[in-house]
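Q: Sharing a structure with you now.
In the working numbering, the protein residues as written are 4 to 377.
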């Protein structure tokens with residue numbers, strides 16, 4: 004039986020959407036019968052977070068220093084893959100190490116380094132500018148998490164359609180199905196005593212928080228908004244400008260930053276929000292509005308990149324470059340109860356298009372197709 008190798012070296016609790024994607028893929032491998040053998044490669048420092056079974060292989064690649072890790076990977080992967088008799092390699096992290104020379108699949112979540120380069124520190128951006136084009140050139144197949152991302156890849160790298168397969172990511176519907184009472188008990192720990200609007204995502208330029216804050220200021224001034232604005236996300240890159248904007252606009256009492264929040268508490272924060280705003284300038288897929296819909300909360304989103312594809316008619320859209328338009332759409336949802344209820348109902352219908360079961364079934368089918376062709 005041919006063996007597939009899956010790169011899980013970069014998985015961490017703070018990895019965001021990529022981490023959610025990989026965890027669901029690994030869970031499916033552990034719990035479903037598959038027609039292929041597999042090995043999951045994990046680092047020594049995180050081995051304790053994985054099941055103790057023979058399918059998980061610890062590899063001695065350093066993870067603390069990015070530059071050392073890249074160099075170490077280039078040297079180590081050929082021996083690791085040969086020793087484990089890997090026939091097909093899958094990297095879910097948008098790039099494949101130069102040390103991997105066997106047929107490979109890569110999942111590309113977005114081309115942020117092209118369209119939102121200020122999402123990265125300089126060294127990381129230079130690395131991706133070299134690594135992703137080489138990965139795309141060498142990959143046997145490419146998984147894109149949305150049609151938007153597929154078309155972006157095709158345009159950027161001038162590829163044929165058959166090189167890229169769209170497999171949408173999913174939503175864990177049951178995870179967001181909790182009672183108001185359970186949600187309230189969780190929210191109390193964050194000292195959220197006022198009604199609030201919620202935004203989630205790393206504190207970085209592409210998340211467009213500065214314009215969201217400007218829109219929120221308009222809501223406070225022109226609509227006498229009483230809701231607080233709660234932002235969940237770890238500090239990433241250029242985050243200090245976000246804090247400076249809060250102070251400049253005099254919103255210190257109304258805006259609350261929760262920082263990184265463990266996944267177990269996220270559904271409750273959604274559930275108790277009056278609305279969720281996703282102002283991002285660039286998303287390859289976009290979990291936030293779908294998770295809001297799963298929690299029964301109206302989603303107000305930027306009409307940018309993948310959002311229209313993912314949200315369909317179940318969201319209220321705004322121009323992400325226009326704080327006034329953003330403010331108007333937020334006010335509309337908060338003040339029009341009929342519209343709010345319509346969006347909630349449409350949201351429940353929309354999320355039926357996305358499930359992790361469908362995601363991993365299509366991924367495993369791709370594995371089998373590739374193995375049969377090798």
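Don't be surprised by glycine CBs; every beta carbon is placed ideally from N, CA and C.
Just so you know, these numbers come straight off a predicted model, no measurement behind them.
Assuming the contact rule is C-beta atoms closer than 8 angstroms, residue 309 and residue 323 should be a hit. Round their C-beta distance to whole Å, please.
A: Not really, about 13 angstroms apart at Cβ, beyond 8 angstroms.
Q: As a quick exercise: from 279, 113, 215 and 47, pick the residue whose alpha carbon is nearest that of residue 350.
A: The residue with the shortest Cα to Cα distance from residue 350 is 279.
Q: How about the segment 71-84 and the segment 355-370: do they share at least three Cβ pairs that are nearer than 8 angstroms?
A: No, because fewer than three Cβ pairs between the segment 71-84 and the segment 355-370 fall closer than 8 angstroms, the two stretches do not touch.
Q: Which stretch, first to last residue, makes up the beta strand (DSSP E) that contains residue 92?
A: Looking at the DSSP string, the run of the beta strand (DSSP E) that includes residue 92 is 89-94.
Q: Measuring straight from C-alpha to C-alpha, what distance separates residue 317 and residue 347?
A: Each residue's Cα considered, the two are about 8 angstroms apart.
Q: To the nearest angstrom, report how far apart residue 152 and residue 114 are at their CA atoms.
A: Between residue 152 and residue 114, the C-alpha separation is close to 8 angstroms.
Q: Which same chain residues, not among the five before or five after residue 353, have their C-beta less than 7 angstroms away from its C-beta?
A: 296, 314, 315 and 317, listed in sequence order.
Q: When you compare the CB positions of residue 44 and residue 371, do they come within less than 8 angstroms of one another, or not?
A: No. Outside cutoff.
Q: Let's test the definition: count the other Cβ atoms within 10 Å of the Cβ of residue 289 and tell me whether it reaches 16, buried, or not, exposed.
A: Buried is the call here.
Q: Does DSSP put residue 83 in a helix, a strand or coil?
A: DSSP places residue 83 in helix when its eight states are reduced to three.
Q: Which residues share a DSSP beta bridge with residue 222?
A: In the DSSP output, where bridge partners are listed per residue, residue 222 has none listed.
Q: With DSSP as the reference, identify every bridge partner of residue 199, one or two as the case may be.
A: 231, per the DSSP bridge assignment.
Q: Apply the 10 Å Cβ neighbour rule to residue 85 and answer buried if 16 or more other Cβ atoms are within range, or exposed otherwise.
A: Classification of residue 85: exposed, given that the 10 Å Cβ count is below 16.
Q: Could you check whether residue 159 and residue 98 sit closer than 8 angstroms to each other, using their CB atoms as the reference points?
A: No. Outside cutoff.
Q: Count the other C-beta atoms from every protein chain shown that fall within 10 angstroms of the C-beta of residue 216, then say buried if there are 16 or more, exposed otherwise.
A: Looking at its Cβ environment, which holds 16 or more other Cβ atoms inside 10 Å, residue 216 is buried.
Q: So what's residue 289 in DSSP terms, helix, strand or just coil?
A: If DSSP states are grouped into helix, strand and coil, residue 289 belongs with coil.
Q: Along the chain, which unbroken stretches of the alpha helix (DSSP H) at least 4 residues long are found entirely within the segment 132-185?
A: Runs of the alpha helix (DSSP H) inside the segment 132-185: 150-160.
Q: Pull the bridge partners of residue 238 from the DSSP assignment, please.
A: 206.
Q: Please say whether residue 77 and residue 94 have beta carbons closer to each other than 8 angstroms?
A: Going by C-beta atoms, residue 94 is not nearer than 8 angstroms to residue 77.
Q: Would you tell me roughly how many angstroms separate the C-alpha atoms of residue 88 and residue 163, rounded to the nearest one?
A: Whole-angstrom Cα-Cα distance: 30 angstroms.
Q: If you reduce the DSSP assignment to three classes, tell me which class residue 315 lands in.
A: In the structure shown, residue 315 sits in coil (DSSP, three-state: anything other than H, G, I, E or B).
Q: Whole-angstrom Cβ separation of residue 254 and residue 199, contact assumed at under 8 angstroms?
A: Contact doesn't hold; Cβ gap of about 13 angstroms is too wide.
Q: Just to check my reading of the structure: residue 285 and residue 209 have Cβ atoms closer than 8 angstroms, yes? What is that Cβ distance to the nearest angstrom?
A: That belief holds up - the Cβ atoms of residue 285 and residue 209 are roughly 5 angstroms apart, short of 8 angstroms.
Q: Determine the burial state of residue 196: buried for a count of at least 16 other Cβ atoms within 10 Å of its Cβ, exposed for fewer.
A: Exposed: under 16 other Cβ atoms inside 10 Å.
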